[in-house]
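Visitor:
2 protein chains.
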Amino acid sequence: MNNMKTLKKFISLSFHISPAYFFLLIFQSMMETGQVLVNVILPKYLVDELVGGRNRDNLIRFGLYIVLSNVAFLFLNKTMKRIMDVRNIYMKEKLNQAMADKIMKVEFACLEDPYYLDLKERAVFACRTMSALENLIGSVAKVLNNTVTILSLLVVMFTLSPIFVLLLVLTISISVVAQKFFSKYQLEIYKELIPINRRYGYYVSLGFDAKYQKDIRLYNMNQMLTDRVLYYNRQIYDWFKGFIRKQGVFQGFVGIINDLQAAIAYGYVGIRVISDKMGGRIGIGSFTMYVTAAINFTTSATDLGKNIMTVIQMLGYLQPFMEFMSLPDEAKKEGSIPFEGEVESLCFENVTFHYPKSEQLVLKGISFEIKKGEKISVVGLNGAGKSTIVKLLCRLYKPASGTIYINGRDIYEYEFTSYMKCLAAVFQDYKLFAFSVLENIRGGEEEEENEINRERVASLLGQVGLKEKMEELPKGMDTLFGKQYDPGGIEMSGGQSQKVAIARALYKEASLIILDEPTSALDPLAEAEIYEHFNQLVGDKTAIYISHRMSSSVFCDKILVLDGGLITDFDSHKKLMEKEEGMYYKLFQSQAVNYQI
Amino acid sequence: MNNMKTLKKFISLSFHISPAYFFLLIFQSMMETGQVLVNVILPKYLVDELVGGRNRDNLIRFGLYIVLSNVAFLFLNKTMKRIMDVRNIYMKEKLNQAMADKIMKVEFACLEDPYYLDLKERAVFACRTMSALENLIGSVAKVLNNTVTILSLLVVMFTLSPIFVLLLVLTISISVVAQKFFSKYQLEIYKELIPINRRYGYYVSLGFDAKYQKDIRLYNMNQMLTDRVLYYNRQIYDWFKGFIRKQGVFQGFVGIINDLQAAIAYGYVGIRVISDKMGGRIGIGSFTMYVTAAINFTTSATDLGKNIMTVIQMLGYLQPFMEFMSLPDEAKKEGSIPFEGEVESLCFENVTFHYPKSEQLVLKGISFEIKKGEKISVVGLNGAGKSTIVKLLCRLYKPASGTIYINGRDIYEYEFTSYMKCLAAVFQDYKLFAFSVLENIRGGEEEEENEINRERVASLLGQVGLKEKMEELPKGMDTLFGKQYDPGGIEMSGGQSQKVAIARALYKEASLIILDEPTSALDPLAEAEIYEHFNQLVGDKTAIYISHRMSSSVFCDKILVLDGGLITDFDSHKKLMEKEEGMYYKLFQSQAVNYQI
């Protein structure tokens, strides 16, 4: 059912990555079975000769056969293993990359939705922590291998007697049924453990996390955390004690069955040696062969059971992975008209929005228009919907109703990549990457690095006030961000990183710039500097500006005042300050009052 | 040498956790060897009887012996395994907890020093990702087990002939030497892989991290990341191909040695069956026994080699763990006088400070005094040393020279825990925990939860403006932080969390309160509200206040102006505003200019 579907998808995904891989897998199974068969069948002749003729030449010949065939198979199997080890790594990494690629391309809404975020976390956990992809590939290979071995041994044992085979299959069936029951129980009881384990893991990781240590020390949280860890640890320990007791009973039962099988094998084959009541007498050589065959059969069958269980378990882990992989991509969703030229006008028309799975409207039908070159400030209380406007503009989310027009056309009619080029944004929670400063600023530009764009980056770094900092560095703007991956890398303060992020946004030459709380980490002088340069930096581009520092609104042409998802005002600073009852006046005044000298 | 030391420390640490564990380990090894020996020795009698007398009673008796002793050992070993499985989890978790405990108690400076942070990361990696503790425990147990088995089998084989033993030991020695060479090579070549793997892991994890996706989409970083991932992937793949080729050669060689051993075993024992040139003739039963013994010997010896390699590898992984575990604890370091009463005076006397391993002075000899009940604002540019003052006060770092006095006594003379009770701080990067709101605010208070302290928490929540929010929640302030571990948990905005953090600081009833940029995530009205309530919230406590919003200084009694690690001014707002050349005036003015109506 569900597992079958996951397996099918997984196989088709893997097959897509490397079809050769599957043929190699099958060949490997056959070769490994070959080695088992050789060691089941050939010793019979040696033993027969030892017990019987004792002809020296024959003994040497049979001995040589055993050794040589073992050497040959060993060589083949080792070579295959070598090839497959490399292939497995390749497969695993390709699947990991497919996952990372999916995350980078999936509809953005999924990445802020707790359900999909959890799905993603579980998928990443399966891939990275549980190595589920590797384990699944390995187990599927082993299942194949076991099956081929079992079938071959059945044929060998069948030459002695169908009853012998029947007896063994019967006892093994009992094991299989027991295994199945136990697995079901295991699955059920593991479900109990998951939430306990997650919490336990969280509290332990708090202890491990350096970022929490200041607060732990100051608020004396040490004991509280330890108590919580011990509490969940006790629960896990008790769970395990209970589980392992049951497992012991199960394994004891399986052990008895295994002994029964051994007894049947030795007993039946032994009887056939000493009496002819159950069929023609056989020699000691055959005795060795059939007993070895039976033992190998039992081992392989037990192995098969275990490997099938692993496959099922890994499929369970990989279900989130598969579910995540089948989410729709963002870029391909909509729009085919390439965006060209500059942003001439921007218009929200009766736009409403609620986050997926929430019914609460964040924007309750807002309409406004921005013309080319205008600087707009968006103000409002926390939760008023300011950042949502930015997300809608960046096509990270789609309006629930209403339309956003740029240059008179619904933004969703534009082809995604070309549309994204028309805007640049610095988010509150902007991120820089462990690339060089230059690469961070240039981003994924298609054109090659050259003197011209290097100079542009250098000039932007100067404009945001990082010229001196760059000159201090031996590698200048080719210095890697972060010391973690390069000892010569650079660690920047919050303020400095923010300046790089601003330079990155300006580099894009987008005609619409969005700055969401861009100066929060800067000190007053750096902030003033950015403000002063702001108009100059942005030039004649259209800019949308979100900040809790009301003083930034003064520079703007118009201020969009948001209150509870509605636009209550959209006018210039001067006009808005005349309305003493208005939200804007209140906001501005609350900060300004302490600055009056 | 170094590994031996790590092993010794590990064993003493484990022994400290559970001495019984070691006796159980030894008993387990003996029992597992017992099972091997039974299956080496007993079948001899059955085979001899089969080939010779064929007495039915004897056959049944020997068959029964084999089965029964197997059942007995199986039962014993399964039971032991069950016990050990539970014990192993216990050991592993105890060692993990010891690690978390260490991180919570270690000198704080270690947690901001890249060297120790890296050490910690590698220790956590060893424990959590590599399960090094589990693997080490398991491998040590197996080494013990292999050793006992090998010694017993040597005794059995010695009964046939010392030459036989010698031949086997000789061939195995060749394997061991080869193994040693290969391991050395492996260790060397793995070192090459580590930096590549780290970078590869970083770039893949960027793709996996939801927080980076906005910037990846906007700045078209997708291709750049994928290129980087593919580049390192290629390197890893090439490395593996090279390594696995060498490994193949090595394994081929070991395979030949193994076959040589098999040939020697079958050959020598076979000759002893058919001729008496090399000693008394032996029967088919003995043939079986000695061959089985030789095969088991080879397997155990190979296993021993592998397990020793694993032990060495795990010890390598655990070296950072051991190094971290032997760092000194913070709390126990200094001070014995319990801090009592309130903070009456606070005095920095010529305090200098540089971060460990850096020579650059962050504070260049500062002196100032704060009296009880004063509200002090600390201002200055980014990097002027503002937050450092807070860290020194919290005893997270120790001054390089000079002294900090509280109530006329060096703060390092006070006993740590009682000292920490006298101050409460909200850091810029404060953290809340996935405990309930109530527990977050109460922290690690010793007194039991009761109506009185619940009411205090409720009243503080009201004061910081979270009353309504709490009333919305079905479980009120017993609601857990974060939805991740409780579906009924609460997700708070940055502003709301900051309010909780402020309430937590106030709950402590410390007489010195430190707020480091405490309102940065609040909107203007919430900020004004906190400001208005601030004096009321803090009451007559002494308070130190760090903020880039200069308006907050207006409320303070005095302002400490830091510039490049020196105090340039320490006076009231009014006085400082009179110095138009001063840093304070410049800072204030740069923000105030845009607020003039």
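Which chain is which? The protein sequence lines are V and U, in order.
For what it's worth, the working numbering labels the leading residue of the first sequence as 190, then goes sequentially.
For what it's worth, the working numbering labels the leading residue of the second sequence as 190, then goes sequentially.
Glycine included, C-beta positions come from ideal geometry on N, C-alpha and C.
1) Please list the segments of the beta strand (DSSP E) lying wholly inside the segment 710 to 777 of chain V, counting only runs of 3 or more residues, in order along the chain.
2) On the three-state DSSP scale, how would you describe residue 207 of chain U?
3) Counting along the chain, where does the beta strand (DSSP E) carrying residue 614 of chain V start and finish?
4) Only counting the same chain, and skipping five residues up and downstream in sequence, which positions put a Cβ closer than 7 Å to that of residue 365 of chain V?
5) Applying the criterion that 16 or more other CB atoms from any shown protein chain within 10 Å of the CB defines a buried residue, is residue 608 of chain U buried or exposed?
6) Do residue 339 of chain U and residue 490 of chain U come within 8 Å of each other at the CB atom, strictly closer than that value?
7) Does the segment 465 to 481 of chain U touch the segment 217 to 237 of chain U, meaning 3 or more C-beta pairs lie closer than 8 Å?
8) Which partner residues does residue 553 of chain U have in the DSSP bridge list?
9) Around the Cβ of residue 197 of chain V, are there at least 16 other Cβ atoms within 10 angstroms (buried) or fewer (exposed)?
10) Do you know how far the Cα of residue 611 of chain V is from the Cα of residue 583 of chain V?
11) On the CB-based measure, 16 or more other CB atoms within 10 Å of its CB, does residue 773 of chain U come out buried or exposed?
12) For residue 250 of chain V, which of helix, strand or coil comes out of DSSP?
13) Using C-beta distances below 7 Å, list every residue in its chain close to residue 720 of chain V, excluding the 5 sequence neighbours before and after it, in chain order.
14) Residue 687 of chain V versus chain U: which residues are under 8 Å apart at the beta carbon?
15) Is residue 196 of chain V helix, strand or coil when you go by DSSP?
16) Compile a chain-ordered list of the residues in the segment 385 to 404 of chain U whose CB is closer than 7 Å to at least one CB of chain V.
17) Is residue 506 of chain V close to chain U, meaning its C-beta is less than 8 Å from at least one C-beta of that chain?
18) Along the chain, where does the alpha helix (DSSP H) that runs through residue 437 of chain V open and close?
19) Closer than 8 Å is the cut-off here; do at least three beta carbon pairs connect the segment 264 to 278 of chain U with the segment 383 to 393 of chain V?
20) Report yes if the CB atom of residue 632 of chain U is closer than 8 Å to the CB atom of residue 408 of chain V, and no otherwise.
21) Rounded to whole angstroms, what is the Cα-Cα separation between residue 517 of chain U and residue 578 of chain V?
22) Could you say if the segment 196 to 210 of chain V and the segment 438 to 451 of chain V meet the contact criterion of at least three C-beta pairs nearer than 8 Å?
23) Which residue's Cα is closest to the Cα of residue 427 of chain V: U/272, U/727, U/613 and U/647?
24) Beta-carbon of residue 247 of chain U versus every beta-carbon of chain V: anything under 8 Å?
25) Could you name each continuous alpha helix (DSSP H) segment of 4 residues or more that falls completely within the segment 264 to 342 of chain U, going from the start of the chain to the end?
26) So, with DSSP's three-state summary, where would you put residue 532 of chain V?
27) Taking the alpha-carbon positions, what's the residue 585 of chain V to residue 296 of chain V distance?
28) Any chance the segment 389 to 399 of chain V sits against the segment 585 to 599 of chain U, with 3 or more Cβ pairs inside 8 Å?
29) Output needed for residue 323 of chain U: all residues of its chain with C-beta closer than 6 Å, excluding positions within five of it in sequence on either side, in chain order.
30) Can you find a C-beta in chain V that's less than 8 Å from the C-beta of residue 654 of chain U?
31) For my contact list, residue 542 of chain V and residue 613 of chain V are in at a C-beta cut-off of 8 Å; report their separation, rounded to the angstrom.
32) Using only the alpha-carbon positions, how far apart do residue 492 of chain V and residue 362 of chain V sit?
33) Helix, strand or coil: how does DSSP classify residue 603 of chain U here?
34) What does the alpha-carbon distance come out to for the pair residue 751 of chain U and residue 571 of chain U?
35) I want to know whether the segment 408 to 426 of chain V touches the segment 281 to 294 of chain U - three or more CB-CB distances under 8 Å.
36) Going by the beta-carbon positions, is the gap between residue 223 of chain U and residue 264 of chain U smaller than 8 Å?
Guide: Checking against the coordinates, here is how it stands:
1) The segment 710 to 777 of chain V contains these whole beta strand (DSSP E) runs: 731 to 735, 747 to 752 and 755 to 760.
2) For the purposes of this step, residue 207 of chain U is taken as the residue at position 18 of the second sequence. In the structure shown, residue 207 of chain U falls within a coil segment according to DSSP collapsed to helix, strand and coil.
3) Within the first sequence, numbered from 1, the residue matching residue 614 of chain V stands at position 425. Note, residue 614 of chain V: beta strand (DSSP E), 612 to 615.
4) As a position in the first sequence, residue 365 of chain V is number 176, starting the count at 1. Same-chain partners within the cutoff: 494.
5) What you label residue 608 of chain U is simply residue 419 of the second sequence in a count that begins at 1. Around the CB of residue 608 of chain U, 16 or more other CB atoms lie within 10 Å, so the residue is classed as buried.
6) As a working note, residue 490 of chain U is residue 301 in the second sequence. As a working note, residue 339 of chain U is residue 150 in the second sequence. For residue 490 of chain U and residue 339 of chain U, yes; Cβs fall inside 8 Å.
7) A contact between stretches requires three or more CB pairs, one per stretch, nearer than 8 Å, and the segment 217 to 237 of chain U meets this requirement with the segment 465 to 481 of chain U.
8) Reading the second sequence from its first residue, position 364 is the one you call residue 553 of chain U. DSSP, once it has assigned bridges, lists U/541 as partnering residue 553 of chain U.
9) One-based indexing of the first sequence puts residue 197 of chain V at position 8. Flag for residue 197 of chain V reads exposed.
10) As a first step, residue 583 of chain V is located in the first sequence; it is residue number 394 there, counting from the start. As a first step, residue 611 of chain V is located in the first sequence; it is residue number 422 there, counting from the start. Taking the Cα positions, residue 583 of chain V is about 10 Å away from residue 611 of chain V.
11) For this step, residue 773 of chain U is matched to residue 584 along the second sequence. Buried, by the Cβ-count rule.
12) Taking the first sequence and counting its residues from 1, the one referred to as residue 250 of chain V is at position 61. Three-state result, residue 250 of chain V: helix.
13) Residue 720 of chain V sits at position 531 when you count from the first residue of the first sequence. Counting only residues of its own chain and dropping the five nearest sequence neighbours on each side, residue 720 of chain V has a CB closer than 7 Å to the CB of 741 and 744.
14) Taking the first residue of the first sequence as 1, we reach residue 687 of chain V at position 498. Against residue 687 of chain V, chain U offers no close residue; the least beta-carbon distance is about 10 Å (beta-carbon pairs closer than 8 Å).
15) Along the first sequence, read from residue 1 onward, the residue named residue 196 of chain V stands at position 7. The answer is helix: DSSP assigns residue 196 of chain V an H, G or I state.
16) Residues of the segment 385 to 404 of chain U with a C-beta less than 7 Å from any C-beta of chain V: 387, 388, 391, 393, 395, 396, 397, 399, 400, 401, 402, 403 and 404, listed in chain order.
17) As a first step, residue 506 of chain V must be located in the first sequence, where it is residue number 317. No, no contact with chain U.
18) The residue you call residue 437 of chain V lines up with position 248 of the first sequence. Here the alpha helix (DSSP H) through residue 437 of chain V covers 411 to 463.
19) The segment 264 to 278 of chain U vs the segment 383 to 393 of chain V: no contact.
20) Residue 632 of chain U sits at position 443 when you count from the first residue of the second sequence. Residue 408 of chain V sits at position 219 when you count from the first residue of the first sequence. Yes, they are a contact pair.
21) Here residue 517 of chain U corresponds to residue number 328 of the second sequence, with the count starting at 1. Here residue 578 of chain V corresponds to residue number 389 of the first sequence, with the count starting at 1. So the two alpha carbons sit approximately 51 Å from each other.
22) The segment 196 to 210 of chain V, when compared against the segment 438 to 451 of chain V, does not touch it at the 8 Å Cβ threshold.
23) Indexing the first sequence from 1 puts residue 427 of chain V at position 238. In terms of CA proximity to residue 427 of chain V, U/272 leads the group U/272, U/727, U/613 and U/647.
24) Walking along the second sequence from the start, residue 247 of chain U turns up at place 58. Not closer than 8 Å to any Cβ of chain V, the Cβ of residue 247 of chain U fails to qualify, so no.
25) Runs of the alpha helix (DSSP H) lying entirely within the segment 264 to 342 of chain U, each at least 4 residues long, are 303 to 313 in chain order.
26) Counting from 1 along the first sequence, the entry for residue 532 of chain V is found at position 343. If DSSP states are grouped into helix, strand and coil, residue 532 of chain V belongs with coil.
27) Translated into the one-based positions of the first sequence, residue 585 of chain V becomes position 396. Translated into the one-based positions of the first sequence, residue 296 of chain V becomes position 107. In a straight line, the C-alpha of residue 585 of chain V is about 8 Å away from that of residue 296 of chain V.
28) Taking 8 Å as the limit for Cβ pairs, the verdict is that the segment 585 to 599 of chain U does not touch the segment 389 to 399 of chain V.
29) To locate residue 323 of chain U, count along the second sequence from 1; it is residue 134. So the qualifying residues of the chain are 281.
30) One-based indexing of the second sequence puts residue 654 of chain U at position 465. Not closer than 8 Å to any Cβ of chain V, the Cβ of residue 654 of chain U fails to qualify, so no.
31) The count along the first sequence starts at 1 and reaches residue 542 of chain V at position 353. The count along the first sequence starts at 1 and reaches residue 613 of chain V at position 424. Not a contact, Cβ separation roughly 22 Å.
32) Here residue 492 of chain V refers to the residue found at position 303 of the first sequence. Here residue 362 of chain V refers to the residue found at position 173 of the first sequence. Answer to the nearest angstrom: the Cα atoms are 14 Å apart.
33) Along the second sequence, read from residue 1 onward, the residue named residue 603 of chain U stands at position 414. Correct three-state label for residue 603 of chain U: strand.
34) Locating residue 751 of chain U in the second sequence gives position 562, where the first residue counts as 1. Locating residue 571 of chain U in the second sequence gives position 382, where the first residue counts as 1. For residue 751 of chain U and residue 571 of chain U, the distance between alpha carbons rounds to 10 Å.
35) Between the segment 408 to 426 of chain V and the segment 281 to 294 of chain U there are three or more C-beta pairs closer than 8 Å, enough to call the two in contact.
36) If you number the second sequence from 1, residue 223 of chain U lands on position 34. If you number the second sequence from 1, residue 264 of chain U lands on position 75. No, Cβ-Cβ distance for residue 223 of chain U and residue 264 of chain U is not below 8 Å.
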